[in-house]
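Worksheet for the structure shown next.
Now the structure itself:
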């Protein structure tokens, strides 16, 4: 049975029983913290088994869905629900398979930080950058911008999450005040965080800025005793993140309808 968060049915009680350091739980719980009162922009569901124990969770922001599954989840029911839910994309653990027709599917690795706290030299060029500048840097870095929302939507979403402590952005600028590199989290809870993007301007690549920003934001999160994850595309940037203290710990896939 799949139940929606509404009225007297508060799924927070169920989310709290899931492993708080799981990256998919982190994404859903972070979104719940930020958007729980903003229906119809967002919705949240849990799947209950015969004993009314939660075995899966699902979130929607716009038409983008995130799914957390346990081995006890009813995958057939989940797939049937997704087919009629109006999703344009679904992010989930790559070890599970759902019977869904899709236009495209992308996969990648989940990485987890395992080293002690990063040792960093002080740098007075680290700033809290303007979100428009961050967006422009992201657009410059990713050749396929089909998954990048428009600038206004991006800025509204991230600023909204920043005010609710479910996202953070940091950057480093050059002597002229131009944003050189940035790093950001896309989801945060009290004990977990997901780094969603590290980007460096084309003129400044291979000079250590991306590595510094990765270590900088990792250091912040480490100091707050959070388990830290990041998602990378398949066959991309593994050595880069290895040098920053991250190892592969799972897979993700995103399905587009």
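Numbering (our numbering), first residue to last: 1053 to 1309. The beta carbon of each residue, even a glycine, is placed where N, CA and C say it ideally should be. It should be emphasised that the depicted structure is a prediction, and the values quoted were computed from it without experimental measurement.
- Boundaries of the beta strand (DSSP E) around residue 1285: 1279-1285.
- In this model, residue 1160 and residue 1118 are separated by some 15 Å (Cα to Cα).
- The Cβ neighbour count for residue 1139, taken over all protein chains shown within 10 Å, is at least 16; the residue is labelled buried.
- Between the alpha carbons of residue 1289 and residue 1181 lies a distance of about 24 Å.
- Taken in chain order, the unbroken stretches of beta strand (DSSP E) that lie wholly in the region 1132-1202 and span 3 residues or more are 1141-1145, 1156-1165.
- Note: residue 1095 is bridge-paired with 1112 in the DSSP secondary-structure output.
- Closest in alpha carbon position to residue 1177, among 1264, 1110, 1143, 1193, is 1264.
- DSSP places residue 1104 outside both helix and strand once states are collapsed to three, so it counts as coil.
- For residue 1233, the closest C-alpha among the options 1168, 1242, 1188, 1291 is that of 1188.
- Looking from the CA of residue 1225, the closest CA among 1280, 1084, 1097, 1175 belongs to 1175.
- For residue 1294 and residue 1239, the gap between their C-alpha atoms comes out near 21 Å.
- Rounded to whole angstroms, residue 1062 and residue 1055 show a C-alpha spacing of 10 Å.
- When secondary structure is reduced to three states using DSSP, residue 1265 falls in the helix class.
- By alpha-carbon distance to residue 1236, the top candidate from 1163, 1246, 1064, 1230 is 1246.
- For residue 1163, the CB contacts under 7 Å within the same chain, skipping 5 residues up- and downstream, are 1281, 1282, 1284, 1293, 1298, 1299, 1300, 1301 in chain order.
- From the listed residues 1136, 1253, 1149, 1113, the smallest Cα separation to residue 1125 is found for 1149.
- In this structure, residue 1211 sits near residue 1183, with a CB-CB distance shorter than 8 Å.
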